[in-house]
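Participant: Take this structure first; my questions come after.
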Amino acid sequence: MLTAGDMNEGRLLYPYRMSEANEGVWLEPNPLCDNYCKGQTSVLQIRNVTDLETYDALSISDRRKTYNEIMSSADRKRMGELRAFLGFAKAARLPITLSTVVCLDPPYPDIRCSLDSTPYFFELGEVTDQELAERYSESLRTGAITGGWFSQEVPLKRIFTSKAQKRYETGGAPVDLLLYYWKQAPYDPVVQQVFSELGVVFLSGPFSRIWRYEHPERLLAVVPH
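Going by this note's numbering, the letters in the sequence shown line up with residues 4 to 228, in that order.
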């Protein structure tokens with residue numbers, strides 16, 4: 004179980020710590036971050052909606068510089084997941100309080116939020132062919148136009164199985180799996196076949212529900228446990 008001591012001893016990165024009033028689930032701003040961050044004003048962590056808004060408020064050139072030269076790979080990953088999650092929440096019309104959305108680190112799920120005023124977690128997984136992802140990253144870096152063949156079945160099976168076999172610290176709160184498509188579009192017949200084949204893996208896994216989402220803002224399906 005996640006405790007206030009775990010949070011404040013650094014098992015979860017600043018700028019959040021566990022609130023003693025809601026030990027086990029809730030997070031609050033960590034005042035220790037002010038001291039920790041002195042002299043590191045160039046560091047931009049992406050942990051919540053406010054952090055994302057701060058980044059988006061930068062000029063195009065500053066965003067590019069921050070993304071390529073300052074931001075860590077972990078923060079780039081969190082930013083992509085946070086954007087996907089916010090689009091998903093809008094598409095699914097879930098009663099999520101955006102101010103409670105926080106990106107976490109293992110062994111916790113990727114996202115903690117308040118859903119219907121109760122604690123809820125989401126683990127995210129992007130479904131993307133590895134070679135396609137590499138071409139996509141190269142295109143973003145160089146501006147070159149790219150394309151090519153990509154697999155539908157292999158990346159979906161890989162990410163689904165990997166996530167379902169893990170165990171997550173949630174303090175007893177439920178956790179859903181959000182599988183999202185960003186760099187490639189899903190092909191429904193293949194997706195349905197994969198889910199039929201891996202049904203046993205889902206039933207034995209830690210997730211209450213599995214959501215499928217195509218960014219931006221297209222909810223594909225939800226599978227209840």
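Using N, Cα and C, we set each Cβ at its ideal position, and we do this for glycine too.
Kindly confirm or deny that the segment 168-186 and the segment 69-80 touch, where touching means at least three C-beta pairs closer than 8 Å.
Facilitator: Judged by Cβ distances under 8 Å, the segment 168-186 makes no contact with the segment 69-80, as fewer than three pairs qualify.
Participant: Which residue's Cα is closest to the Cα of S154: A147, A167 and Q133?
Facilitator: Looking at the Cα atoms, Q133 is the closest of the given residues.
Participant: Would you mind giving the Cβ-Cβ distance between A167 and F124, rounded to the nearest angstrom? I have them listed as a contact below 8 Å.
Facilitator: Not quite, the Cβ-Cβ distance comes to about 15 Å (not below 8 Å), so this is no contact.
Participant: Going straight from the alpha carbon of V226 to that of V104, what length do you get?
Facilitator: Straight-line Cα distance between these residues: approximately 22 Å.
Participant: Under 8 Å, with one C-beta from each stretch per pair, do the segment 216-224 and the segment 89-103 reach the 3-pair mark?
Facilitator: These segments touch.
Participant: Quick one: what does DSSP say F210 is sitting in, helix, strand or coil?
Facilitator: The answer is coil: DSSP assigns F210 none of H, G, I, E or B.
Participant: On the criterion of 16 or more Cβ atoms from any shown chain inside 10 Å, does Y216 qualify as buried, or is it exposed?
Facilitator: Buried: at least 16 other Cβ atoms inside 10 Å.
Participant: Do the CB positions of D179 and S211 come within less than 8 Å of each other?
Facilitator: Result yes, Cβ atoms of D179 and S211 sit closer than 8 Å.
Participant: Helix, strand or coil: how does DSSP classify S102 here?
Facilitator: Three-state result, S102: strand.
Participant: What residue range does the beta strand (DSSP E) around S117 cover?
Facilitator: Taken as a continuous stretch (DSSP letters only), the beta strand (DSSP E) holding S117 covers I114 to L118.
Participant: If we ignore side chains and look at the alpha-carbon of each, how far apart do K98 and V130 end up?
Facilitator: Position check: residue 98 holds Pro in this sequence, whereas Lys was assumed. Going by the C-alpha atoms only, they are around 25 Å apart.
Participant: Enumerate in chain order the residues of its own chain whose CB-to-CB distance from T100 is below 6 Å, with the five nearest sequence positions on each side excluded.
Facilitator: Once the five neighbours on either side are set aside, the close Cβ partners of T100 are S117.
Participant: Thinking L55 and L85 are a contact (beta carbons under 8 Å), I'd like their distance in whole angstroms, please.
Facilitator: Indeed, because the Cβ distance is near 6 Å, the residues count as touching under 8 Å.
Participant: If you draw a straight line from the C-alpha of S120 to the C-alpha of P209, how long is it?
Facilitator: For S120 and P209, the distance between alpha carbons rounds to 22 Å.
Participant: With C-beta atoms as the reference, is L127 less than 8 Å away from D108?
Facilitator: Not in contact: L127 and D108 (Cβ atoms no closer than 8 Å).
Participant: Tell me which residue opens and which closes the beta strand (DSSP E) that R79 is part of.
Facilitator: That residue, R79, is in no beta strand (DSSP E); its alpha helix (DSSP H) goes S76 to A95.
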